[in-house]
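Chemist:
Numbering (this note's numbering), first residue to last: 1 to 528.
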């Protein structure tokens, strides 16, 4: 059927309509896929950037630490390392911080702020996933981003309005958490609408770098304006995600049907298979770059799947429970690593709050590599569970080494931090992207059911409960000592790996069977 038939979904995004008028012709299917990858990458980069400020300002709100001599280390300058005391550090060591976080229970209150955000994020995820499969993803994502920007910025306004009431900061974080829950189910569902299973692990591993890029961006933005007042560290990332929401509204084509293409990866095409359709996508395009294939249905005709039915999809529960402990580990580093670095001597000296925030971004650099490597290996081995479990097991000795040898020198700290980031973020990235998309388009889903956002929400919502628990426990355990915190993290990584044991052996069994079939085919060919 030709493009433009009235069976397709409604009007395209306003920005795309404008580009069509200016160009006088439409983009090809491939061009739209590249645009979707870029826009969703930017969108979730904004989400993660807006979550980072609280970890950067912790040491300003609660400035207690060992006030040992602070001196310069390494000749690189104050990008990662201090050359002299910054004004913010002088204030931090001579003043009380910010009430109500400057008392003896200040660290615990900071942990409660984190858990309030993540608890609302986790609970909101289950609702957001079902809504994402029922509503227009572009509008849903836009609302979440603009709402997140407003309430992140309002948290920072507490500085300018001189607010010291704990309930205000708690409430702002809770509402922000609810809006943030719209992000992940939506972007994964959009990618699943446009991309099939072939090389999904590698593509999503590279695409998932937005998590680490967002953490790095948020850290650098928050740290860059910290000296002007900690409120700016929230307002700037809040403005970033606000304008990111406008970008999504203007240009994101959430469904191929929205721009006049059939959806080639709907679950009813299981007899053809999304991988085969993806491989043939070049052949489906005519010489003018247009796609001329009869659509199977419009995006509005596919019905959403309930939470209970989605939980029955094989693999959803084990991966969800694994992600609970995986995100417990990952989010503890996300929220507490800058604070840990500012309170721990490295080579006998301490770094500033600003430098600690910048230094912590190297953890996410390792995370980018980990996500790509995990995705590529899982594609090559066709074994998501084996890859995820192996990375979690390797994270245990890497965290142990970082705790005991990370303080020896700055070089050792950087290398070990990046290794920890690789093994911690690798399985976290794999499960929340490729695994969620695989299960959301599982062959057990008959007909035109849409389960991408729902399955993603179940897995990441369960994981986010662990993400809430980790920082909360860290707030209490850190008062006893950081050894206890790292012990908790290593136990969490071990449990995460063990929860995939059944799927691990199932993947291994399938792998052996595939090897045997390949050997038999080769022997048969030689005999002929």
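We put the beta carbon where it would ideally sit given N, CA and C, even for glycine.
Predicted model, so just to flag it, every value in this text is computed and none were measured.
Among residues of its own chain, excluding the 5 on either side of residue 61, which ones have a beta-carbon nearer than 6 Å to its beta-carbon?
Modeler: 97, 98, 101, listed in sequence order.
Chemist: Tell me, please, whether the stretch 157 to 165 touches the stretch 178 to 186 by the rule of three or more beta-carbon pairs shorter than 8 Å.
Modeler: Contact between the stretch 157 to 165 and the stretch 178 to 186 is absent, because fewer than three Cβ pairs lie under 8 Å.
Chemist: Once the 5 residues before and after residue 490 are set aside, which same chain residues still bring their CB inside 7 Å of it?
Modeler: Excluding sequence neighbours, residue 490 sits near 396, 399, 400.
Chemist: Could you check which residue in 509, 359, 16, 434 has the C-alpha nearest to that of residue 260?
Modeler: Ranking 509, 359, 16, 434 by Cα distance to residue 260 puts 16 first.
Chemist: For a test of the three-state rule: what should DSSP assign to residue 349, helix, strand or coil?
Modeler: In this structure, residue 349 counts as strand in the three-state DSSP scheme.
Chemist: What's the C-alpha gap between residue 81 and residue 352?
Modeler: In this prediction, residue 81 has a pLDDT of 39, which is less than 50 and means its spatial position is unreliable; nothing more can be read from the coordinates.
Chemist: DSSP three-state label for residue 315, please.
Modeler: Note: residue 315 maps to coil in three-state DSSP.
Chemist: Can you give me the Cβ contacts of residue 49 inside the same chain, cut-off strictly under 8 Å, excluding the 5 residues immediately before and after it?
Modeler: Excluding residues within five positions, the ones whose Cβ falls inside 8 Å are 214, 215, 217, 218, 221, 237, 240, 241.
Chemist: Where do the N-terminal and C-terminal ends of the alpha helix (DSSP H) with residue 408 fall, by residue?
Modeler: Segment: none, residue 408 is in no alpha helix (DSSP H) and carries neither H nor E.
Chemist: Could you spell out the range, first to last residue, of the alpha helix (DSSP H) harbouring residue 54?
Modeler: Residue 54 -> alpha helix (DSSP H) spans 53 to 61.
Chemist: Thinking residue 433 and residue 208 are a contact (beta carbons under 8 Å), I'd like their distance in whole angstroms, please.
Modeler: Contact holds; Cβ gap of about 5 Å.
Chemist: When the distance is taken between beta carbons, is residue 376 closer than 8 Å to residue 492?
Modeler: No, the Cβ-Cβ distance between residue 492 and residue 376 is not below 8 Å.
Chemist: Are residue 552 and residue 426 close, meaning C-beta to C-beta below 8 Å?
Modeler: The chain is shown only over 1 to 528; residue 552 falls outside these bounds and no answer can be derived.
Chemist: Sort 44, 225, 453 by Cα distance to residue 156 and report the nearest one.
Modeler: Comparing Cα-Cα distances from residue 156 to each of 44, 225, 453, the minimum goes to 225.
Chemist: Relative to the alpha-carbon of residue 389, which residue among 124, 18, 105, 496 has its alpha-carbon at the smallest distance?
Modeler: For the residues 124, 18, 105, 496, the minimum Cα distance to residue 389 belongs to 496.
Chemist: Does the distance from the CB of residue 192 to the CB of residue 42 come in under 8 Å?
Modeler: No, the Cβ-Cβ distance between residue 192 and residue 42 is not below 8 Å.
Chemist: So which of 459, 360, 470 has the shortest CA-CA distance to residue 311?
Modeler: Answer by Cα proximity: 459.
Chemist: Between the stretch 475 to 484 and the stretch 145 to 154, are three or more C-beta pairs nearer than 8 Å?
Modeler: No, because fewer than three Cβ pairs between the stretch 475 to 484 and the stretch 145 to 154 fall closer than 8 Å, the two stretches do not touch.
Chemist: Using the C-alpha atoms, what's the distance from residue 370 back to residue 421?
Modeler: Going by the C-alpha atoms only, they are around 7 Å apart.
Chemist: Is residue 479 helix, strand or coil by DSSP?
Modeler: If DSSP states are grouped into helix, strand and coil, residue 479 belongs with coil.
Chemist: So for residue 255, helix, strand or coil by DSSP?
Modeler: Reduced to three states, the DSSP call for residue 255 is coil.
Chemist: What are the boundary residues of the alpha helix (DSSP H) that includes residue 261?
Modeler: That residue, residue 261, is in no alpha helix (DSSP H); it is neither H nor E in DSSP.
Chemist: Could you tell me which of 317, 315, 212 sits nearest to residue 47, measuring between CA atoms?
Modeler: The candidate whose alpha carbon is nearest that of residue 47 is 212.
Chemist: With DSSP as the reference, label residue 50 as helix, strand or coil.
Modeler: Coil.
Chemist: Please report the residue range of the alpha helix (DSSP H) in which residue 135 lies.
Modeler: No alpha helix (DSSP H) holds residue 135; DSSP gives it neither H nor E.
Chemist: CA-CA distance, residue 150 and residue 232?
Modeler: One C-alpha to the other measures close to 13 Å.
Chemist: Please classify residue 22: does DSSP put it in a helix, a strand, or coil?
Modeler: Helix at residue 22.
Chemist: Starting from residue 374, trace the alpha helix (DSSP H) both ways and give me its first and last residue.
Modeler: Its alpha helix (DSSP H) spans residues 361 to 381.
Chemist: Should residue 23 go down as buried or exposed, given a rule of 16 or more other Cβ atoms within 10 Å for buried?
Modeler: Under this definition residue 23 is an exposed residue.
Chemist: Is residue 11 helix, strand or coil when you go by DSSP?
Modeler: Here residue 11 sits in coil by DSSP.
Chemist: Three-state secondary structure (DSSP) at residue 210?
Modeler: In this structure, residue 210 counts as helix in the three-state DSSP scheme.
Chemist: Quick one, which of 334, 349, 247 has its alpha-carbon nearest residue 357's?
Modeler: Checked all of 334, 349, 247; the closest Cα to residue 357 is 334.
Chemist: When you measure from the CB of residue 377 to every non-hydrogen atom of the ligand ATP, does any distance come out below 7 Å?
Modeler: With respect to the ligand ATP, the structure offers nothing, as it holds no ligand at all.
Chemist: Answer yes or no: do residue 485 and residue 477 have a C-beta to C-beta separation smaller than 8 Å?
Modeler: Their beta carbons are under 8 Å apart, which means residue 485 touches residue 477 by this criterion.
Chemist: Nearest to residue 308 by CA position, among 455, 470, 114, 40, is which residue?
Modeler: Nearest option by C-alpha distance: 455.
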